[in-house]
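Chemist:
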Amino acid sequence: MTNASKQQSLTAEELEERFDHGEEAPGYFDVDHPIVERHPIVQKRITLTMPDWIVEGLDEEAEELAISRNAVVNTWLAERIRASHAHGQSVVRA
Numbered sequence: 001m002t003n004a005s006k007q008q009s010l011t012a013e014e015l016e017e018r019f020d021h022g023e024e025a026p027g028y029f030d031v032d033h034p035i036v037e038r039h040p041i042v043q044k045r046i047t048l049t050m051p052d053w054i055v056e057g058l059d060e061e062a063e064e065l066a067i068s069r070n071a072v073v074n075t076w077l078a079e080r081i082r083a084s085h086a087h088g089q090s091v092v093r094a
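All the letters of the sequence shown, read from the start, carry residue numbers 1 to 94 under full-length UniProt numbering.
1. In terms of alpha-carbon separation, which member of Asp32, Glu16 and His33 lies closest to Ala25?
2. Which value, in whole angstroms, describes the spacing of the CA atoms of Gln89 and Ile54?
3. Taking the alpha-carbon positions, what's the Asn77 to Leu58 distance?
4. Measuring only the C-alpha atoms, how far is Arg69 from Ala12?
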């Protein structure tokens, strides 16, 4: 019987509290038989209006990278958001 199966069930909050108080967390996990749950990414569809020169630039980048225009937009926006977060800036501005 593994350590994880010997332990009673804990909530995430209880485990976090024990960890915060210096208790070792690995004993609460069955690393030999992990259960991985994959949840679908929630997506929203939006419409963007852009000047032709921007669309042409996106298409050139997409062709060079062999990905879709949508993938270029998603990648660039994600990079911008991550960079803002890394510099402690909020993406949402009042």
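Backbone N, C-alpha and C fix where the C-beta goes; we use that ideal spot for every residue, glycine too.
Just so we're clear, the structure is a prediction, and the values are computed from it rather than from any experiment.
Modeler: Here's the rundown:
1. As a first step, residue 25 is located in the sequence shown; it is residue number 25 there, counting from the start. It is Glu16.
2. Looking up residue 89 in the sequence shown gives position 89. Looking up residue 54 in the sequence shown gives position 54. Going from the Cα of Gln89 to the Cα of Ile54 covers about 26 Å.
3. Counting from one through the sequence shown, the residue named residue 77 turns up at place 77. Counting from one through the sequence shown, the residue named residue 58 turns up at place 58. Per the sequence presented here, residue 77 reads as Leu, with Asn not at that position. The alpha-carbon atoms of Leu77 and Leu58 are separated by roughly 12 Å.
4. Residue 69 sits at position 69 when you count from the first residue of the sequence shown. Residue 12 sits at position 12 when you count from the first residue of the sequence shown. The straight-line gap from Cα to Cα measures roughly 40 Å.
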